[in-house]
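In my numbering, the protein residues as written are 109 to 308. Even for Gly, the Cβ is constructed at its ideal location relative to N, Cα and C. Below: one structure, written as structure tokens.
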Amino acid sequence: MSSDRLAQIEAVLASVAESQARTQAQQERNTEAIARLEAAQERTQQQASETEQTADDNAQYLGETRAMLEQAIHGFRADIQAVVAVFAESTAAIREESNQRHDESEARQAEQDQRFDNLLAEARADRQEWRQRFDEQLAEMRESRVAWEAEHRDWSQRFDEQQARMDERATANEAEHNAFRQTLQTLLAEIARIWNRISA
């Protein structure tokens with residue numbers, strides 16, 4: 109609500125308050141007038157000669173009072189109608205502003221929803237791409253593992269074969285060593301016998 113409308117409402121409310129104050133003052137004056145009328149009526153009973161003049165004066169005063177009351181009531185009604193008109197105008201302006209803000213809020217919400225949907229779609233695409241790369245890397249790792257296992261089996265087989273050949277060579281070397289030692293012992297024994305014969 110604009111400051112001009114607030115000022116207009118405040119002015120109308122001040123006018124209403126002033127009209128109410130005037131009406132209250134007029135009612136007080138009316139009360140006083142009624143009191144005076146009652147006193148006048150008492151005096152008319154004592155002063156019969158002044159009754160007609162007093163009645164005319166009272167009738168005129170009552171007429172003036174009634175006219176002032178009607179004028180005050182008319183002004184009060186006009187002020188109330190002005191307040192109602194201002195409130196209606198202000199309510200319409202507030203409703204229009206509220207509808208505009210509601211439309212803007214819905215537009216922002218729609219934009220945010222669209223952004224969220226775009227981000228969600230991008231996240232799903234990134235997730236799909238990441239999963240595809242992961243599956244590819246996993247397949248490569250499995251292929252590498254299969255190749256490594258095959259190479260390991262081949263190496264183990266070659267190692268076993270080489271170990272078997274080394275074991276065979278060790279057995280042959282040990283047999284040759286035993287034969288050489290036996291031959292050497294036999295030769296030494298023969299030399300000892302020959303030496304004993306020579307010595308004898």
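Checklist entry - If you check the beta carbons only, do Ser127 and Asp211 fall under 7 Å apart? => result no
Item to check | Alpha carbon of Ala233 to alpha carbon of Leu227, nearest angstrom | outcome: 10 Å
Checklist entry - Could you give the C-beta distance for Gln132 and Leu177, rounded to a whole number, given that I count them as a contact under 8 Å? => result Not quite, the Cβ-Cβ distance comes to about 12 Å (not below 8 Å), so this is no contact.
Item to check | Burial state of Phe267 (16 or more Cβ within 10 Å) | outcome: exposed
Item to check | Through-space distance from Gln220 to Val254, alpha-carbon basis | outcome: 50 Å
Item to check | Met109 classed as buried or exposed, judged by whether at least 16 other C-beta atoms fall within 10 angstroms | outcome: Residue placement at Met109 is poorly supported in this model, since its pLDDT is 48, which falls under 50; the coordinates still yield a value, given next. Flag for Met109 reads exposed.
Next on the checklist: For a cutoff of 7 Å on Cβ pairs, would you count Gln265 as touching chain C?
Outcome noted: Looking for chain C here will not work: only one protein chain is present.
Item to check | Cutoff 6 Å; reference Gly183; Cβ partners in own chain excluding five residues on either side | outcome: Ser127, listed in sequence order.
Next on the checklist: One question on the structure: do Thr173 and Asn138 come within less than 7 Å of each other, judged by their Cβ atoms?
Outcome noted: yes
Next on the checklist: Rounded to whole angstroms, what is the Cα-Cα separation between Thr279 and His285?
Outcome noted: 10 Å
Item to check | Alpha-carbon to alpha-carbon, Val194 and Glu136 | outcome: 31 Å
Checklist entry - What separation, rounded to the nearest whole angstrom, lies between the Cα atoms of Thr199 and Trp238? => result 57 Å
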